[in-house]
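Numbering (mature numbering (1 follows the signal peptide of the UniProt record, and there is no 0)), first residue to last: -30 to -1, 1 to 727. So the structure is just underneath, and the comments pick up after that.
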Amino acid sequence: MNTFKIVFQRLIVTLALLLSLVIAVTNSHAASSNDPLNLLNQEKDSEEDTVPSFKDMSNRWWNQYQEIEDPKKFESEFAKFVDKLEKAVTEVEGEERSELLERVAIIRNLAQEYKKLRYQKKESSDIPGELVLKETYSVEEYLEINQLIQQVEYLLSQTQDETSRVRESIEQTSETIDVLKVSYLNSVTGSIEQLGVVLNWVNSQLSKVIEEELLKNHEAREDKLNQELLSLSETLGSAKQRLAIEPYPEGARKELIAEKDELDDDLKQLNLKLSRDISETSIGFTSYEILKLDLALTLLAYNEVLLKLERANDQEKLAKIAALESPKDADLDEVKLAIADSEEAIRLAEAEIVKAETLARDTLLSSDIALRQQSTKDIKKLQKLSDQRRQKAQHILRAISDVRATISDNQLILAMLTDIEDKQQTGLNKTWDSVKEFTADAWDTTVQFANKPLFSINERPITLLPLIQLCFIILVGYLVSKLVSFIVYRFEKRHKIKNSSGLYLLHRLIHYLIIFIAAVAGFSALGLNLSNLTLIAGALSVGIGFGLQNLVSNFVSGLTIMFEKTLKVGDYIELEDGTTGQVKEIKTRSTRINTNDNIDVIIPNSYMVTNIVTNWTLKESTRRVKIPFGVAYGTDKDIVKKAALEAATNVQYTLRNVPGKEPEVWLTEFGDNSINFLLLVWVAHFGVRRPTRIKSIYMWELDTALKKYGIDIPFPQRDVHLNIVKDGDKDSSSLPLQSITGESLPTKNDNSKSKDD
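Following this line, the structure appears as structure tokens:
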């Protein structure tokens, strides 16, 4: 698709260029030798003519500079052209001159960059040099060569990517130059527009030749890296032949074991932190993500240590084999076990790399949307945590490179063990014998396990084979039941019957009957005696007539509940006596609910059918909570509403962005001591099952919001009025004190009351 697009664009540009040429030739009054794009008849009569003029630039104006081999001559010759452009720019008046001068400055800088790339080429210093072949190599030296190969492969991959990018850029710049040529032909000679097009043309041409020089450098570097990679690969093969394997140093092994133990402790601590509940805020979520990144980083380090320990074990095994007279004398079982352990360690490390890389890249690609939703108080802390999260992700990507390098080392050591195994397992007969031995062992193990008694029923031993028959019979019964369900469904669909309780009940009864028959047949396959079933059925019929009425009633009620689906596991219900809890089980006799205090309540199914049961989550998973509160008289009701809505918003359980279910504040009454309001909030599904906690949280936030805005919550008040009697009044002793209710209060001279009163 991209190739077609490029070809189509080039075709359009070519057609436009040809059309412009036709128009230019048609409208031109000059001779063909004066055509600015005439590539054949241009002649240079003087030294001044060697400097291209922007008024009649040739299509090949750059060729004369590209052929210059001396850097000083190139600099001087091209400087004349730039000076000529700058002189033309200085003659421009107005605001456009400064912009054009900036373009001239850019052209000078690009010319210096081109000169540097073309005439001052430098050798790459990061490419490892060729190695001198040694007489013998230790394991560490052998692995160092492998690390050099990994380094060269990484550099080669980067160079190839950069080469592809530069090629694409050259193609885009070439298209831009073609478009500028067309614009140049269509512009007025000597105009400011033409001068701007020329500056862009020169700029693009310099950019193109700079990219072409970069492309040459990248291609040369790519060739050198390929040669170096080939040389290192040959050196690695020679070093393998001259390898002197020694046991792994004991000190280094102890250090690895100590590092492993330390990482074990770190993993336990991180898992403990991750198991705790996190705050449902942006800061809490970001902190949780940082913990996940820390865990991934620690797991990578842990797997790298395990790989090194496994490599140490493999090196020990190779050292023991090297001490033998011939590798064929090695214990094949031990070699296979070492190979299996190494492959498992590599597999686990690669799986951890995939998970860690996915986590790191998702973290780096995720945007910090939560930053725009935070207050000024929290945004700095969240920004710091976000920066820390990105740094952790980058550390993970670097750690992945280290683990991959360790995996490469382990694979080299593993290849040596595999070679030893291959040498010991030569010959078709030996391979066939191994296959037969494995098959025979597998069959014998299966037969022994199938005939081994697992348990006994009535002193009859039960083996695996009858159990398989039992499971098969029950499976057949289940499939037959599903077939009946399909037939009932087709019948309902064909006759357009919807929600038929009779058909549903019939279907369920047939299902239970089929399962019962399959269970009886299965137990018969176990060899159990079922001749007493008739006696058991008769005893049950008598028991139902006397003492099992409640049991049958509960059983039928349980079927009713299951069929009507008015209650299901997970619903939050409230009984008539005020008991609330979540439905955990619906059995044939009873229903178990678990209260918020973690107390299990067993309720007979007949009670659930015959009494009123409030199901808070039957159809809707949300619920509206009413929080009454009062404020002092004289308080601005708009401020009260603002504070209450703010308190509701601060609670994480509040349902948001749902039309018709926004928080509301109602003024309900003018009380004796306060103006009474009602805060109505819709609570999300994860808060419905905690009514007391929800109410407490909202009241907590409401109190905080009211204090924030200086709103008082009044307490009950009573006024008491006293009749004050002056000393000069007559009969003052006979005037009683009265309360606000009109009741007389005792005086100090009243001796009719006892001291106790």
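A virtual CB, placed ideally from N, CA and C, is assigned to each residue, including glycine. The structure displayed is predicted, hence computed values, not measured ones.
- Setting aside the 5 residues that flank it on each side, residue 185 is surrounded in the same chain by 136, each with a C-beta closer than 6 Å to its C-beta; the list follows chain order.
- According to the DSSP assignment, residue 653 belongs to the beta strand (DSSP E) that extends over 645 to 653.
- The three-state reading of DSSP puts residue 552 in strand, counting E and B together.
- With three or more CB-CB distances shorter than 8 Å, the region 108 to 119 counts as touching the region 373 to 389.
- Across the structure, residue 107 and residue 387 are spaced so that their CA atoms are roughly 18 Å apart.
- For residue 680, no beta strand (DSSP E) run applies, since DSSP gives it neither H nor E.
- Taken through DSSP and simplified to helix, strand or coil, residue 332 comes out as helix.
- When DSSP assignments are scanned along the region 220 to 253, the uninterrupted stretches of alpha helix (DSSP H) that are 4 or more residues long and fall wholly within it turn out to be 220 to 245.
- Excluding sequence positions up to five before and after residue 601, its CB lies within less than 8 Å of the CB of 610, 644, 645, 647, 676, 681, 682, 683, 684, all in the same chain and listed in chain order.
- Just measuring C-alpha positions, the residue of 593, 640, 261 sitting nearest residue 624 is 593.
- DSSP places residue 564 in the strand class (E or B) of the three-state scheme.
- Three or more beta-carbon pairs separated by less than 8 Å are not found between the region 238 to 246 and the region 296 to 307, which leaves the two stretches without contact.
- With distances taken between CA atoms, residue 244 lies nearest to 257 out of 180, 235, 596, 257.
- Remark: C-beta atoms of residue 551 and residue 563 approach each other more closely than 8 Å.
- Residue environment analysis places residue 321 among the exposed positions, since fewer than 16 neighbouring C-beta atoms fall within 10 angstroms of its C-beta.
- When rounded, the separation of the alpha-carbon atoms in residue 145 and residue 67 is 27 Å.
- Here the alpha carbons of residue 282 and residue 293 stand approximately 17 Å from one another.
- Per the C-alpha coordinates, the member of 161, 140, 190, 191 positioned closest to residue 176 is 140.
- A direct Cα-to-Cα measurement between residue 254 and residue 366 gives close to 22 Å.
- If you draw a 10 Å sphere on the C-beta of residue 359, you find 16 or more other C-beta atoms in it, and that means buried.
- Rounded to whole angstroms, the gap between the alpha carbons of residue 125 and residue 195 is 8 Å.
- For residue 623, no alpha helix (DSSP H) segment is defined, and its DSSP state is neither H nor E.
- Contact between the region 536 to 543 and the region 481 to 493 is absent: fewer than three C-beta pairs spanning the two stretches fall below 8 Å.
- If you compare the alpha carbons of 621, 265, 260, 148 with that of residue 353, the shortest gap goes to 260.
- Fewer than three pairs of CB atoms, one per stretch, sit closer than 8 Å, so the region 143 to 159 makes no contact with the region 225 to 238.
- Between residue 48 and residue 85, the alpha-carbon positions lie close to 11 Å from each other.
- Residue 584 sits in a strand when the DSSP states are folded into three classes.
- Setting aside the 5 residues that flank it on each side, residue 485 is surrounded in the same chain by 444, 447, 448, 451, each with a C-beta closer than 8 Å to its C-beta; the list follows chain order.
- Note: residue 600 is bridge-paired with 646 in the DSSP secondary-structure output.
- A distance below 8 Å separates the beta carbons of residue 419 and residue 434.
- Proximity to residue 189 across 678, 131, 369 peaks at 131, based on C-alpha coordinates.
- Cβ-Cβ distances below 6 Å link residue 636 to 648 in the same chain, with the five nearest sequence neighbours on each side left out; the list follows chain order.
- Counting of Cβ neighbours within 10 angstroms places residue 316 among the buried residues, the total reaching 16 or more.
- When DSSP states are grouped into helix, strand and coil, residue 570 belongs to the strand group.
- For residue 544, there is no enclosing alpha helix (DSSP H); the enclosing beta strand (DSSP E) covers residues 542 to 544.
- Between residue 323 and residue 370, the C-beta spacing is below 8 Å.
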